[in-house]
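A.B. asks:
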Amino acid sequence: MRFDIITLFPDFFTSPLRSGLLAKALEREIARVNLVNLRDFAHDKHRRVDDEPYGGGVGMLLKPEPIFEAIESLPVLPRREIILTTPQGQPLDQALLKTFVTDYDQLVLICGHYEGIDERVREYLVTREVSLGDFVLTCGEIPALTIVNGVTRLLPGTVGKEQSLKSESFEEDLLDYPQYTRPPVFRGWEVPPVLRSGNHRDIAEWRHRQQLERTRERRPDLWEKWLERNRPIVNEEG
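Using my numbering, read the sequence shown as starting at 2 and increasing by one per residue.
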């Protein structure tokens, strides 16, 4: 997977890309990240990439020319998606991350800034807009890094045990189950005996029940999705 990140702040990504699983994935060439400084495509000596909006308004907008030229300078792989990170976009979830992994070889990420971006970038260049949720951040680098992280960890070879991915939250529209480690008793709080029983079937059943209860209580939206997907099974079991 190739990531091309169009950004005003390339240094923002330095530490995350050198840490943990991301660093290992890049070292093993499971993924590649190319940072593109948008100011390198500015048209004046001040390297300015923003301007005032027509019609007035508060703040500045990213200009179209540097963004188009930055992306036109990139190699084009057969399966490419050009993504703008924006609060107006499609909410990012695990299903979308999986789509990026299965359907694309190259993700070009445009990091939004200021009050927004010239609409012609949206209309004639961007193929998908993505949002982390119904809130506003100071920069588009945070959602871009989130996409890189979320996609990379789904690529084969990044996470050591494939089962770790399959059992995580959201993989089946269910939240994760409670997990415990040593000591068995801490300040009077005991690890559930079933987890120390050694009975793998009982442990699996307990974990599944906990997933169902947590999802129903904490994420009614996911619970409804799970019910819809599993309604025939639920009905058969009574």
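Backbone N, C-alpha and C fix where the C-beta goes; we use that ideal spot for every residue, glycine too.
1. Does DSSP put Gly239 in a helix, a strand or coil?
2. Could you give the residue range of the alpha helix (DSSP H) that holds Thr153?
3. Is it buried or exposed for Trp190, if we count other Cβ within 10 angstroms and need 16 for buried?
4. Out of curiosity, what's the CA-to-CA distance linking Ala26 and Ser16?
5. Who does Ser198 pair with in a DSSP beta bridge?
6. Report the three-state DSSP secondary structure of Leu62 (helix, strand or coil).
7. Are the Cβ atoms of Glu225 and Phe10 separated by less than 8 angstroms?
8. Could you compute how far the alpha carbon of Ile31 sits from the alpha carbon of Pro157?
9. Going by beta carbon distance, what residues of the same chain come within less than 8 angstroms of Thr147, once the five residues before and after it are set aside?
10. Tell me whether Asp52 is buried or exposed, calling it buried when 16 or more other Cβ atoms sit within 10 Å of its Cβ.
11. Got a sec? Which residues, its chain only, sit under 8 angstroms from Arg219 by beta carbon, not counting five neighbours each side?
12. Can you tell which of Glu124, Leu155 and Gly117 has its C-alpha closest to the C-alpha of Leu98?
13. Compare the beta carbon distance of Met61 and Glu130 with 8 angstroms and say whether it is the shorter of the two.
14. Give the C-beta separation of Leu75 and Asp5 to the nearest angstrom, bearing in mind that I take them to be a contact with Cβ-Cβ under 8 angstroms.
15. On the CB-based measure, 16 or more other CB atoms within 10 Å of its CB, does Val137 come out buried or exposed?
16. Assign Phe187 to one of two classes, buried (16 or more other C-beta atoms within 10 Å of its C-beta) or exposed (fewer than that).
17. Quick one: what's got a C-beta closer than 8 angstroms to Arg33's C-beta in the same chain, skipping five residues either side?
18. Going by the beta-carbon positions, is the gap between Tyr178 and Gln212 smaller than 8 angstroms?
19. So if DSSP puts Ser132 in a beta bridge, which residue, or which two residues, is it bridged to?
20. Checking 8 angstroms against the spacing of the C-beta atoms, do Leu63 and Val127 come in under that value?
21. Can you tell me which residues form a DSSP beta bridge with Phe4?
22. Quick check on DSSP: helix, strand or coil for Leu223?
C.D. replies: Result, derived from the coordinates:
1. Summary for Gly239: the model assigns pLDDT 49, below 50, so the residue's position carries little reliability; its value from the coordinates is reported in the next sentence. Three-state result, Gly239: coil.
2. If you look at Thr153, you'll find it in the alpha helix (DSSP H) that goes Glu142 to Thr153.
3. exposed
4. 14 angstroms
5. Paired residues: none, contrary to the question.
6. Here DSSP, grouped into helix, strand and coil, assigns Leu62 to strand.
7. no
8. 8 angstroms
9. Leu93 and Leu133
10. Classification of Asp52: exposed, given that the 10 Å Cβ count is below 16.
11. Leu176
12. Leu155
13. no
14. 5 angstroms
15. exposed
16. exposed
17. Counting only Cβ-Cβ distances below 8 angstroms, and skipping sequence neighbours, we find Met2, Arg3, Phe4 and Leu27.
18. Taking a C-beta distance under 8 angstroms as the contact criterion, Tyr178 and Gln212 qualify as a contact pair.
19. Pro92
20. Between Leu63 and Val127, the C-beta spacing is not below 8 angstroms.
21. Val34 and Leu108
22. helix
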